[in-house]
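Undergrad:
Number of protein chains: 2
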Amino acid sequence: MATADHPIGIFDSGLGGLTVLRAVHERLPGEDLIYFGDTARVPYGTKGELTVRNFASQDAGLLVGLGVKMVIVACNTASAFALDHLRETLPVPVIGVIEPGVEEALRRTRGGPVGVIGTSGTIRSDRYQQGLREGRAGFGGIADERILVRECPLFVPLVEEGMMGTEITRLVLGEYLEPLRNARADTLILGCTHYPLLKEEIAAYMGPQTELVDSAATLAEAAEQILVAADLLRTESEREGLLDFHLSDIPWKFAEIGARFLGRPIADAKIVGLDEMEQAGRTVAKGTS
Amino acid sequence: MATADHPIGIFDSGLGGLTVLRAVHERLPGEDLIYFGDTARVPYGTKGELTVRNFASQDAGLLVGLGVKMVIVACNTASAFALDHLRETLPVPVIGVIEPGVEEALRRTRGGPVGVIGTSGTIRSDRYQQGLREGRAGFGGIADERILVRECPLFVPLVEEGMMGTEITRLVLGEYLEPLRNARADTLILGCTHYPLLKEEIAAYMGPQTELVDSAATLAEAAEQILVAADLLRTESEREGLLDFHLSDIPWKFAEIGARFLGRPIADAKIVGLDEMEQAGRTVAKGTS
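Read top to bottom, the protein sequences are chains A and B. My numbering numbers the first residue of the first sequence as -11 and each following residue consecutively. My numbering numbers the first residue of the second sequence as -11 and each following residue consecutively.
Shown next, in the form of structure tokens:
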């Protein structure tokens, strides 16, 4: 049985979710955090629904096996395709990035169009669109005509290659975002953990009319509320929480990409083998975790 | 025991290897071909050596389990990191894309610099460079100073997004290839199965001084020679060989990307589950296949 002293688990398809880990660590500095990045199989955003759900089950199963008291799905694509499934199968609370993003967008919009940008999987899952239509946390839903979506598949590789601020990225930005700027979106959800690294460029392109929504801070707040409600918040906060990193692969540009998202180099990442991943998925599937 | 009537197996990290399948099918139209694309875990080019070797063992193990008489490693990164390992462990002949590429470049160079472009993994493996230094198939090796390499990580996502012929691709091309053009490379190895789709643009950028080497045709020729030597060539060639497609995921843009590489839509792809992949890797590791 999980207690308040157990760590919080956070997983992502790769290293982009470190932006979420940072936000959670800032809001809940006393909590121990375990991060798992599925760097061997990244990206998830181009892959099919069933594949993403299988991967997410393994990722979350691994964290549950490490004794976490809560699972945060930092990956938008995994949140889109696997959140319901994980909530049904895991023995701990599960929170994703889409619901907080929807809530924040509904809080900020001033009656104009709301844009959502993300991977092919995230956009095609229709989850952001559903959330915006239905409303959330006391905010009413908005009409379908006000919801504008764009798949931005090149943003992830551009960020991973450190191409922020280049002419190439400016051209790609224009290619993807022109319809949203022309429609005068008043709010734009950054529906992928890589996109906060393009925040300034996106803001400059969209102009002052558009507020950008990065769900990391809202998600950290929601995580705190759930822990409080479940009596799982760590109250003895004298020491700073430990950060523990697990990855399924050390990619060639690991140090560079990791530092880009975390703001500093990752120390001591542990490598998780393919067989362990497979085993973690099976354990959760059987409900024996 | 494999006989001439058995199919040839071809695997790649994703769908790029379909360019190799086309070349093999053109040269050996009577042979049955089984293609496996590891679309659930694509790309390999950014991932570490051990991960790529594990994936390649599973991919090849799957093909051996399907009864192939030969394995063609159509992925450059997998050829770089796993070819020796596969030759040691598999019960059938194995051929990769790097050796034919090296041979073709040595045949074509006119004494000037030889360029190699590929993924981070392929370039950092040093396999093309080693091959060029050592020489091959009667062609002498060339001095290290004549070998110029560039990692081109954005080429794969640009091709997958169908951005050929755009201003964005022209800028990225210039970013990567300028040093090779300035050095007046007389030969340029396209060291990734995605790059043949950028062939015209690369040729236009590099100018007439540079000959481009796409190893698919040379590889098909080498495969034929090995089959002849092993008495495994299919001689009864009255009927056209069957093409059989297996994938670990159906990505969102499957139809579009598949047709781009194959030249026509892929009919009836079979999906291979994660557990089957894991099992295939174990079978080969034990040498029981």
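Where a beta carbon is used, it is the ideal one built from N, C-alpha and C, also for glycine.
By the DSSP assignment, the alpha helix (DSSP H) with ILE177/A in it spans what residues?
TA: If you number the first sequence from 1, residue 177/A lands on position 189. Run containing ILE177/A: none in the alpha helix (DSSP H); it sits in the beta strand (DSSP E), 175 to 179.
Undergrad: Pull up the distance between the alpha-carbon of ILE105/A and that of MET265/B, whole angstroms please.
TA: Here the question's residue 105/A lines up with position 117 in the first sequence. Here the question's residue 265/B lines up with position 277 in the second sequence. Distance between the alpha carbons of ILE105/A and MET265/B is about 33 Å.
Undergrad: Leaving aside the five residues before and after GLY44/B along the sequence, list all residues of the same chain whose C-beta is less than 6 Å from its C-beta, in chain order.
TA: Here residue 44/B is taken as the residue at index 56 of the second sequence, counted from 1. The displayed chain sequence assigns Ala, not Gly, to residue 44/B. Excluding positions up to five away in sequence, the list reads ALA66 and ALA70.
Undergrad: Could you please give the first and the last residue of the uninterrupted beta strand (DSSP E) stretch that includes TYR32/A?
TA: Within the first sequence, the letter at position 44 stands for residue 32/A. Element bounds for TYR32/A: n/a, residue is neither H nor E.
Undergrad: With DSSP run on the structure shown, which of helix, strand or coil describes ASP327/A?
TA: In this structure chain A extends from -11 to 277, so residue 327/A is not present and cannot be described.
Undergrad: What does PRO141/B reach in chain A if we use C-beta pairs closer than 8 Å?
TA: Walking along the second sequence from the start, residue 141/B turns up at place 153. Here the neighbours are PRO145, GLU148 and GLU149.
Undergrad: Compute the Euclidean distance between the alpha carbons of PRO(-5)/B and ALA48/B, then round it to the nearest angstrom.
TA: As a first step, residue -5/B must be located in the second sequence, where it is residue number 7. As a first step, residue 48/B must be located in the second sequence, where it is residue number 60. Approximately 13 Å between the Cα atoms of the pair.
Undergrad: In or out: ASN170/A buried (at least 16 other Cβ within 10 Å) or exposed?
TA: Mapped onto the first sequence, residue 170/A falls at position 182. Its Cβ having fewer than 16 others within 10 Å, ASN170/A is exposed.
Undergrad: For a quick check, are the C-beta atoms of THR175/A and VAL102/A less than 9 Å apart?
TA: For the purposes of this step, residue 175/A is taken as the residue at position 187 of the first sequence. For the purposes of this step, residue 102/A is taken as the residue at position 114 of the first sequence. Yes, the Cβ-Cβ distance between THR175/A and VAL102/A is below 9 Å.
Undergrad: Give a yes or no on whether 9 Å exceeds the smallest Cβ distance from LEU207/B to chain A.
TA: Looking up residue 207/B in the second sequence gives position 219. It does not; no Cβ of chain A falls within 9 Å.
Undergrad: Assuming GLU92/A and VAL201/A form a contact by the criterion Cβ under 8 Å, report the distance between their Cβ atoms to the nearest whole angstrom.
TA: In the first sequence, residue 92/A corresponds to position 104, counting from 1. In the first sequence, residue 201/A corresponds to position 213, counting from 1. Yes, GLU92/A and VAL201/A are in contact; Cβ-Cβ is about 5 Å, under 8 Å.
Undergrad: Can THR77/A be considered in contact with the ligand ZN, in the sense that its beta carbon sits closer than 8 Å to one or more heavy atoms?
TA: Ligands are entirely absent from the displayed structure, and the ligand ZN is therefore not among its contents.
Undergrad: Assess, as a yes-or-no matter, whether the segment 0 to 17 of chain A is touched by the segment 196 to 216 of chain A under the definition of 3 or more beta carbon pairs within less than 8 Å.
TA: yes
Undergrad: Anything in the segment 154 to 171 of chain A with a Cβ closer than 9 Å to a Cβ of chain B? List those residues in chain order, please.
TA: THR154, GLU155, ILE156, LEU159, VAL160 and GLU163
Undergrad: Hey, is ASN42/A's beta-carbon within less than 9 Å of any beta-carbon in chain B?
TA: Locating residue 42/A in the first sequence gives position 54, counting from the first residue. Yes, ASN42/A lies at the interface with chain B (some Cβ there is under 9 Å from its Cβ).
Undergrad: Hey, out of GLU166/A, GLY89/A and GLU209/A, whose CA is closest to GLY195/A's CA?
TA: If you number the first sequence from 1, residue 195/A lands on position 207. When only C-alpha atoms are compared, the closest one is GLU166/A.
Undergrad: Strictly by DSSP, which residues pair up with GLU139/B?
TA: Counting from 1 along the second sequence, the entry for residue 139/B is found at position 151. GLU139/B pairs with GLY106/B.
Undergrad: For THR27/A, count neighbouring C-beta atoms within 10 Å of its own C-beta (all shown protein chains included) and say buried if the count is 16 or more, exposed if not.
TA: Mapped onto the first sequence, residue 27/A falls at position 39. So THR27/A ends up on the buried side.
Undergrad: Does VAL216/A pass the burial test, meaning 16 or more other C-beta atoms within 10 Å, or should it be called exposed?
TA: The count along the first sequence starts at 1 and reaches residue 216/A at position 228. Answer is exposed; the Cβ neighbour count stays below 16.
Undergrad: If we define contact as Cβ-Cβ less than 9 Å, is ALA28/A a contact residue for chain B?
TA: Here residue 28/A is taken as the residue at index 40 of the first sequence, counted from 1. Yes, ALA28/A lies at the interface with chain B (some Cβ there is under 9 Å from its Cβ).
Undergrad: If you draw a straight line from the C-alpha of SER277/A to the C-alpha of GLY53/A, how long is it?
TA: As a working mapping, residue 277/A is identified with position 289 in the first sequence. As a working mapping, residue 53/A is identified with position 65 in the first sequence. Low confidence applies here, because SER277/A scores a pLDDT of 40, under 50, leaving its location unreliable; read the following figure in that light. Taking the CA atoms as reference points, SER277/A sits about 7 Å from GLY53/A.
Undergrad: Using 9 Å as the limit for Cβ to Cβ distance, is SER277/A near chain B?
TA: Residue 277/A sits at position 289 when you count from the first residue of the first sequence. Because SER277/A sits at a pLDDT of 40, beneath the cut-off of 50, its placement in the model cannot be relied upon, and the following sentence gives the value as read from the coordinates. Not an interface residue.
Undergrad: For ASP20/A and GLY229/A, what's the separation of their Cα atoms in angstroms?
TA: Counted from its first residue, the first sequence places residue 20/A at position 32. Counted from its first residue, the first sequence places residue 229/A at position 241. Cα to Cα, the separation comes out at about 4 Å.
Undergrad: Which residue marks the beginning of the alpha helix (DSSP H) containing GLY162/A, and which one marks its end?
TA: On the first sequence, position 174 is the one that residue 162/A refers to. Counting along the chain, the alpha helix (DSSP H) containing GLY162/A begins and ends at 155 to 170.
Undergrad: Closer than 8 Å, Cβ to any Cβ of chain B: which residues of the segment 107 to 129 of chain A, in chain order?
TA: SER108, GLY109 and ARG112
Undergrad: If you measure between the beta carbons of PHE233/A and ALA208/A, is that distance less than 9 Å?
TA: Reading the first sequence from its first residue, position 245 is the one you call residue 233/A. Reading the first sequence from its first residue, position 220 is the one you call residue 208/A. No, Cβ-Cβ distance for PHE233/A and ALA208/A is not below 9 Å.
Undergrad: Please report the distance separating the alpha-carbon of VAL90/B from that of GLU37/B.
TA: Reading the second sequence from its first residue, position 102 is the one you call residue 90/B. Reading the second sequence from its first residue, position 49 is the one you call residue 37/B. If I take the Cα positions, the gap works out to 21 Å.
Undergrad: Is LYS187/B helix, strand or coil by DSSP?
TA: Within the second sequence, the letter at position 199 stands for residue 187/B. Secondary structure at LYS187/B: helix, using DSSP grouped into helix, strand and coil.
Undergrad: Using the Cα positions of LEU161/B and GLU87/A, report the straight-line distance between them to the nearest angstrom.
TA: Stepping through the second sequence from its first residue, residue 161/B is reached at position 173. Stepping through the first sequence from its first residue, residue 87/A is reached at position 99. Cα to Cα, the separation comes out at about 40 Å.
Undergrad: Leaving out the 5 sequence neighbours to the left and right, which residues in its chain are closer than 8 Å to SER290/B when beta-carbon positions are compared?
TA: Because residue 290/B is not part of the residues shown, which for chain B are -11 to 277, the question remains open.
Undergrad: Taking its Cβ as the centre, do 16 or more other Cβ atoms sit within 10 Å of THR97/B, making it buried, or is it exposed?
TA: Working through the second sequence from its first residue, we reach residue 97/B at position 109. Buried is the call here.
Undergrad: Kindly say whether THR34/A, judged by its beta-carbon, lies nearer than 9 Å to any beta-carbon of chain B.
TA: By one-based count along the first sequence, residue 34/A stands at place 46. By this cut-off, THR34/A is an interface position.
Undergrad: For GLY179/B and ASN64/B, which I take to be in contact (beta-carbon distance under 8 Å), what is that distance rounded to the nearest angstrom?
TA: Residue numbering aside, residue 179/B sits at position 191 when the second sequence is read from its first letter. Residue numbering aside, residue 64/B sits at position 76 when the second sequence is read from its first letter. The Cβ separation is near 5 Å, so the contact holds.
Undergrad: Could you tell me whether any Cβ in chain A is nearer than 9 Å to the Cβ of ASP263/B?
TA: Counting from 1 along the second sequence, the entry for residue 263/B is found at position 275. Cβ-Cβ to chain A under 9 Å: yes for ASP263/B.
Undergrad: Report the residues of the segment 37 to 63 of chain A with a CB closer than 7 Å to any CB of chain B, ordered along the chain.
TA: Going along the segment 37 to 63 of chain A in chain order, one finds THR39 and ASN42 with a Cβ nearer than 7 Å to chain B.
Undergrad: Just verifying my parser: in three-state terms, what is the DSSP assignment at ILE22/B?
TA: For the purposes of this step, residue 22/B is taken as residue 34 along the second sequence, with counting starting at 1. It is a strand residue.
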